[in-house]
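**Student:** Numbering (UniProt numbering), first residue to last: 1 to 487.
1) Taking the runs of the beta strand (DSSP E) that are 3 residues or longer, which of them lie wholly in the region 241 to 314?
2) Can you list, in chain order, the residues of its chain with a C-beta nearer than 7 Å to that of residue 399? Leave out the 5 residues immediately preceding and following it.
3) Applying the criterion that 16 or more other CB atoms from any shown protein chain within 10 Å of the CB defines a buried residue, is residue 60 buried or exposed?
4) Mind checking whether the beta-carbon of residue 227 lies closer than 6 Å to any heavy atom of the ligand ADP?
5) Apart from the five residues just before and just after residue 216, which ones in its own chain have a Cβ nearer than 7 Å to its Cβ?
6) Please classify residue 194 as buried or exposed, where buried requires at least 16 neighbouring CB atoms within 10 angstroms.
7) Three-state secondary structure (DSSP) at residue 222?
8) Do the CB positions of residue 87 and residue 145 come within less than 7 Å of each other?
9) Along the alpha helix (DSSP H) that carries residue 441, what are the first and last residues, could you check?
10) According to DSSP, is residue 433 part of a helix, a strand, or is it coil?
11) Between which residues of its own chain and residue 290 is the CB-CB distance below 7 Å, once the five residues before and five after are set aside?
12) Is the beta carbon of residue 426 less than 7 Å from the beta carbon of residue 396?
13) In terms of residues, what are the limits of the alpha helix (DSSP H) holding residue 76?
14) Note down, in chain order, each residue of its chain lying with its Cβ closer than 7 Å to the Cβ of residue 160, except the 5 sequence neighbours on either side.
15) What residue from 65, 370, 429 and 251 has the CA that sits closest to residue 407's CA?
16) Starting from residue 169, follow the alpha helix (DSSP H) in both directions and report where the run begins and ends.
17) With a CB to CB cut of under 7 Å and the five nearest residues on each side skipped, what residues in its chain are close to residue 43?
18) Is DSSP giving residue 200 helix, strand or coil here?
19) Nearest by alpha-carbon distance to residue 292: which of 388, 390, 182 and 343 is it?
20) Quick check: the Cα distance between residue 143 and residue 98, rounded to an integer number of angstroms?
21) In terms of residues, what are the limits of the alpha helix (DSSP H) holding residue 132?
22) Keeping to the same chain, check which residues put their C-beta closer than 7 Å to that of residue 84; ignore five residues upstream and five downstream.
23) Taking buried to mean at least 16 other C-beta atoms within 10 Å of its own C-beta, is residue 133 buried or exposed?
24) When the Cα atoms are used, what is the spatial distance from residue 353 to residue 360?
25) By how many angstroms is the C-alpha of residue 297 removed from the C-alpha of residue 288?
26) DSSP state of residue 345, grouped into three classes?
27) By Cβ distance, which residues of its chain are closer than 7 Å to residue 231, with the 5 residues on each side in sequence left out?
28) Just curious, the alpha helix (DSSP H) that residue 395 is in, first and last residue?
29) DSSP three-state label for residue 46, please.
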């Protein structure tokens with residue numbers, strides 16, 4: 001009976017392959033949007049204990065005369081303590097944007113500061129570096145450009161022995177890198193990538209965290225895919241990053257978060273993800289996902305989501321690579337373990353960080369898109385019903401849940417047969433009454449796949465012709481209204 005009327009359920013020529021093609025086009029557009037939404041920020045490294053000891057003084061705006069006097073004292077003061085106090089006063093003043101602007105307008109001010117940075121007095125060097133750090137945090141690009149003469153020295157000091165000083169130089173460079181293309185143009189030929197690769201072997205966690213920040217800022221530059229990421233991939237940085245992301249007792253959350261974002265930016269560039277896969281990126285990230293799923297069950301630490309987010313994104317984007325299929329399949333882990341871990345994290349997101357639900361569902365979408373084994377596991381582990389319960393969270397979540405179900409349905413009649421029992425059909429009928437066209441359109445697409453592969457399933461599920469008639473009429477009406485999702 002249904003075979004002769006199937007044409008009413010979908011637009012002419014809209015078969016399974018066309019549905020799959022349209023969905024993949026939408027997913028490609030979404031991936032592009034994700035790559036373009038970069039997390040650009042600046043860090044300010046201040047000694048909170050020192051600030052409190054100084055009584056939390058109100059920042060005073062310095063005029064030209066005051067700045068010149070502080071620079072004169074710092075440069076030619078009789079006692080070292082006097083010189084240091086002058087730089088401390090200057091640093092406090094540089095916390096104000098107006099003082100920063102006055103400072104860079106003064107002729108010779110940066111040159112004097114660089115001279116103090118390169119002096120043989122450690123305390124003066126440190127205070128001069130702190131002054132530059134305050135300048136690097138400015139929101140004005142002209143201030144970053146003014147600091148250009150100091151960047152080569154900051155780069156040189158990365159090979160020093162003081163972990164505190166190296167940390168300060170890294171955060172300052174990170175702030176300047178993200179603000180100024182001129183800074184990046186100068187630092188690249190001077191060897192910033194090899195310098196960072198040498199730094200990553202530091203035993204100090206504070207240095208590693210600062211390094212991760214500076215590298216992530218460098219990787220977000222607009223010219224990164226052409227000029228920076230090939231250099232990074234050609235260095236030892238990727239192998240060291242993957243080592244720092246290895247799960248275990250030595251994993252440090254702060255360090256792992258910074259380098260997980262670094263890996264995310266490298267993967268999003270799509271320069272050479274096959275290389276990362278051959279170096280074990282999928283295996284490392286998959287094991288880390290399992291570890292994080294275990295961690296969220298035994299701790300209330302709210303910081304875990306800071307690591308979960310980039311790890312999930314990295315896995316999602318790596319799984320879109322064709323190269324993933326040529327390296328022993330998309331994952332070197334058992335399907336059940338990966339899916340179980342992901343659903344634990346989805347439950348965690350639902351209660352702790354609902355905004356991250358789409359991230360987890362995007363990974364589930366990429367896991368099931370081209371993998372019948374993951375779709376089989378989704379059914380065998382009875383995870384369809386928990387997915388359906390997420391439809392009430394938001395429209396964005398609903399679209400992703402329905403997309404995952406489409407991935408399962410498009411695998412063929414056997415999969416559709418397992419989808420029919422339970423809450424699926426009643427839930428889909430409810431979504432057709434919603435006002436969001438994308439949710440309705442995705443529901444229509446799923447119903448089309450189910451009718452194409454399992455046309456008799458609805459009759460057996462509903463036990464009456466009412467459900468069948470309603471579905472058929474709704475699909476016909478929506479298809480001929482030109483839904484943007486299916487047209």
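Yeah, the Cβ is synthetic: ideal placement off N, Cα and C, and Gly gets one too.
**Tutor:** Looking at the atomic coordinates:
1) none
2) The residue given as residue 399 occupies position 399 in the chain shown. So the list reads 438, 439 and 442, once near-sequence residues are dropped.
3) For this step, residue 60 is matched to residue 60 along the chain shown. Exposed is the call here.
4) Ligands displayed in this structure: none; no statement on the ligand ADP is therefore possible.
5) Along the chain shown, read from residue 1 onward, the residue named residue 216 stands at position 216. So the list reads 258, 261, 262 and 265, once near-sequence residues are dropped.
6) Counting from one through the chain shown, the residue named residue 194 turns up at place 194. With fewer than 16 other Cβ atoms within 10 Å, it is exposed.
7) Residue 222 sits at position 222 when you count from the first residue of the chain shown. Residue state, collapsed to three classes: coil.
8) Position 87 of the chain shown, counted from the start, is the residue given in the question as residue 87. Position 145 of the chain shown, counted from the start, is the residue given in the question as residue 145. No, Cβ-Cβ distance for residue 87 and residue 145 is not below 7 Å.
9) By 1-based counting over the chain shown, the position of residue 441 is 441. Note, residue 441: alpha helix (DSSP H), 437 to 453.
10) Your numbering for residue 433 matches position 433 in the chain shown. Three-state result, residue 433: coil.
11) Translated into positions along the chain shown, residue 290 becomes position 290. In the same chain as residue 290, and ignoring 5 residues on each side of it, the C-beta atoms closer than 7 Å to its own belong to 337 and 341, in chain order.
12) If you number the chain shown from 1, residue 426 lands on position 426. If you number the chain shown from 1, residue 396 lands on position 396. No, the Cβ-Cβ distance between residue 426 and residue 396 is not below 7 Å.
13) On the chain shown, residue 76 is found 76 positions in, with the first residue counted as 1. Taken as a continuous stretch (DSSP letters only), the alpha helix (DSSP H) holding residue 76 covers 64 to 76.
14) Residue 160 sits at position 160 when you count from the first residue of the chain shown. For residue 160, where only same-chain residues beyond five positions count, the Cβ hits under 7 Å are 166.
15) Taking the chain shown and counting its residues from 1, the one referred to as residue 407 is at position 407. Residue 407 has its Cα closest to that of 370, out of 65, 370, 429 and 251.
16) Against the chain shown, residue 169 aligns to sequence position 169. First-last of the alpha helix (DSSP H) with residue 169: 163 to 179.
17) Looking up residue 43 in the chain shown gives position 43. Excluding residues within five positions, the ones whose Cβ falls inside 7 Å are 171, 174, 175 and 213.
18) One-based indexing of the chain shown puts residue 200 at position 200. Secondary structure at residue 200: coil, using DSSP grouped into helix, strand and coil.
19) Residue numbering aside, residue 292 sits at position 292 when the chain shown is read from its first letter. The shortest C-alpha separation from residue 292 is found at 343.
20) Your numbering for residue 143 matches position 143 in the chain shown. Your numbering for residue 98 matches position 98 in the chain shown. Those two C-alpha atoms are separated by around 11 Å.
21) On the chain shown, position 132 is the one that residue 132 refers to. Where residue 132 is concerned, the enclosing alpha helix (DSSP H) stretches over 122 to 136.
22) Against the chain shown, residue 84 aligns to sequence position 84. So the qualifying residues of the chain are 123, 124 and 127.
23) For the purposes of this step, residue 133 is taken as the residue at position 133 of the chain shown. Counting Cβ neighbours within 10 Å, residue 133 comes out buried, since at least 16 surround it.
24) As a first step, residue 353 is located in the chain shown; it is residue number 353 there, counting from the start. As a first step, residue 360 is located in the chain shown; it is residue number 360 there, counting from the start. Each residue's alpha carbon lies about 11 Å from the other.
25) By one-based count along the chain shown, residue 288 stands at place 288. By one-based count along the chain shown, residue 297 stands at place 297. Approximately 14 Å, taken between the alpha carbons.
26) To locate residue 345, count along the chain shown from 1; it is residue 345. Correct three-state label for residue 345: helix.
27) Here the question's residue 231 lines up with position 231 in the chain shown. Closer than 7 Å at the Cβ level, and outside the excluded window around residue 231, lie 193.
28) Within the chain shown, numbered from 1, the residue matching residue 395 stands at position 395. 395 to 409 is the span of the alpha helix (DSSP H), which, as asked, contains residue 395.
29) Walking along the chain shown from the start, residue 46 turns up at place 46. Here residue 46 carries a coil assignment [DSSP, helix/strand/coil].
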